[in-house]
Amino acid sequence: MPELPEVETVANGVDARVRGQRIERVTLGSKPEPLKSPAHVIEETLTGARITRVHRVGKTVVIDVQRRDGAAAQATVHLGMTGRLLVSQAEVPMPPHTHAVLHLHDGREVRFVDPRRFGRVGVVESSEQYAGPGKEPTTIAPEEFAKLFRGRKTPIKSALLNQSLLHGVGNIYADESLFRAGIRPKRHAGRLTRAELHKLHGALQTVLQHAIELGGSSVSDYVDADGVRGFFQLEHRVYSRTGQPCRECGEPIQRIVIGGRSTHFCKKCQK
DNA sequence: AGGTTGACCTGGACGC
DNA sequence: TGCGTCCAGGTCAACC
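Now the structure itself:
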């Protein structure tokens, strides 16, 4: 489900609700558990810890905590395709596919719900901050952005999705930024001109910023920590618009598959 | 090493 | 109504 803007919306929503709360207890359910760290390590790291901040790194929600002994640690929650992080009163019935629950001091619960089980929960025990696999797309400078793609033979669409280059860009925002930059998704990343890379850098940052402001894209069931849907899907120019007229030129939007991912573009507006 | 493909899961939409 | 098929916002491991 969630790409950078959706994860950022979720993280900000959870932060506003639970910052400062103490975690009384951790419940991990339903085997096999979608865990990145062993269950006992997650429980030992988080039980009794205070939440100091919730934020986003790439597509991962990071929960900073201070443990009882004062040491810093972090919980990492990757939402996969269908993961949700909900803050609920304990009385609210537990949704199906709830895999992890942080029981807070004030009686509320942070619940990780994920039907498809592609998400993962882990912890970073040391004080070293989780940095994510790649560069941050919202702040990367144009020259550094361009350098990422130098010499790469893979389609630019695939390169944008490669989390070890840029982290946080997923299928929607890759297609949307390529449309706005006027670049065909099949173009080899290493063959783009300086001008094209510059335009793509700008388009990507503009699209991500705009999507964050609108609370992300709600396709099917994505909702934020309050159960509120985002609105960026109304701004989609190509994603999931196969056969519909291009909003710029009227040409029907094409759907092809690149690297196993469905890809949408306008063959007249993108060269 | 870089690049590509299929596997991992559940559920919703659609066609017959 | 029900069954089968296809599709889905993401990674990974395994291959070339």
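Counting from 1, one number per residue, gives the positions in the first sequence under UniProt numbering. All C-beta atoms in this analysis are idealised placements derived from N, C-alpha and C, irrespective of residue type, glycine included.
Inter-residue spacing [alpha-carbon to alpha-carbon] between residue i and residue j
i: Tyr130; j: Arg150; result: 27 Å
i: Arg85; j: Leu160; result: According to the sequence provided, residue 85 is Leu. The question's Arg does not apply to it. About 26 Å.
i: Ala72; j: Ala100; result: 21 Å
i: Lys59; j: His167; result: 7 Å
i: Gly29; j: Ile172; result: 31 Å
i: His210; j: Asp64; result: 26 Å
i: Ile51; j: His97; result: 24 Å
i: His236; j: Glu176; result: 7 Å
i: Gly230; j: Ala189; result: 31 Å
i: residue 297; j: Arg194; result: Within the shown structure, residues of the chain are numbered from 1 to 271, placing residue 297 beyond reach of any answer.
i: Thr9; j: Ser217; result: 10 Å
i: Ala141; j: Val169; result: 16 Å
i: Leu234; j: Val219; result: 10 Å
i: Leu200; j: Arg53; result: 32 Å
i: Gly70; j: Gln205; result: 37 Å
i: Ala11; j: Arg116; result: 20 Å
i: Pro93; j: Phe118; result: 23 Å
i: Arg241; j: Ala203; result: 19 Å
i: Thr263; j: Ile253; result: 10 Å
i: Glu196; j: Val228; result: 36 Å
Beta carbon of residue i nearer than 9 Å to that of residue j
i: Arg152; j: Val18; result: no
i: Val123; j: Val61; result: no
i: Gly83; j: Pro2; result: yes
i: Lys157; j: Pro185; result: yes
i: Gly259; j: Thr154; result: yes
i: Glu125; j: Val41; result: yes
Nearest neighbour of residue i, chosen from the options [CA to CA]
i: Glu24; options: Arg68, Val10, Ala39; result: Arg68
i: Gly243; options: Ile256, Phe231, Leu234, Glu235; result: Ile256
i: Glu144; options: Leu104, His198, Arg117, Ile172; result: His198
i: Gly215; options: Thr206, Leu204, Val207, Phe232; result: Phe232
i: Pro137; options: Gly119, Val207, Val228; result: Val207
i: Leu192; options: Lys271, Ser127, Gly119; result: Lys271
i: Glu6; options: Ile212, Ile253, Gln254; result: Ile212
i: Tyr239; options: Arg116, Pro155, Cys266, His201; result: Cys266
i: Leu46; options: His201, Leu165, His103; result: His103
i: Leu165; options: His105, Arg187, Gly132; result: Gly132
i: Gly20; options: Gln205, Glu128, Ser127, His105; result: His105
i: Ala75; options: Val228, Glu128, Leu4, Glu91; result: Glu128
i: His55; options: Glu91, Leu4, Ala90, Pro95; result: Leu4
Contacts around residue i, its chain only, beta-carbon distance under 8 Å, and the 5 residues preceding and following it disregarded
i: Cys269; result: Phe179, Gly182, Cys246, Glu248, Cys249, Glu251
i: Ala49; result: Arg22, Ile23, Val65, Gln66, Arg67, Arg68, Ala73
i: Val26; result: Ile42, Glu43, Leu46, Thr47, Ala100, Val101, Leu102, His103
i: Gln89; result: Gly107, Arg108, Glu109
Neighbourhood of residue i by C-beta, 7 Å cutoff - its chain only, sequence neighbours within 5 removed
i: Ser37; result: Gly122, Val123
i: Val87; result: Val14, Arg17, Val18, Arg108, Val110, Ala225
i: Ala174; result: Lys157, Leu160, Leu161
i: Arg187; result: Pro155, Ile156
Close-in-space but distant-in-sequence residues of the same chain around residue i (CB under 6 Å, 5 per side omitted)
i: Arg120; result: Pro34, Lys36, His78
i: Arg261; result: Asn171
i: Gln163; result: Pro133, Gly134
i: Pro95; result: Val113
i: Glu91; result: none
Using 8 Å as the cut-off, can you tell me whether the region 112-119 makes contact with the region 74-82, which would need three or more C-beta pairs spanning the two stretches below that distance? The region 112-119 makes contact with the region 74-82; the number of CB pairs closer than 8 Å reaches 3 or more.
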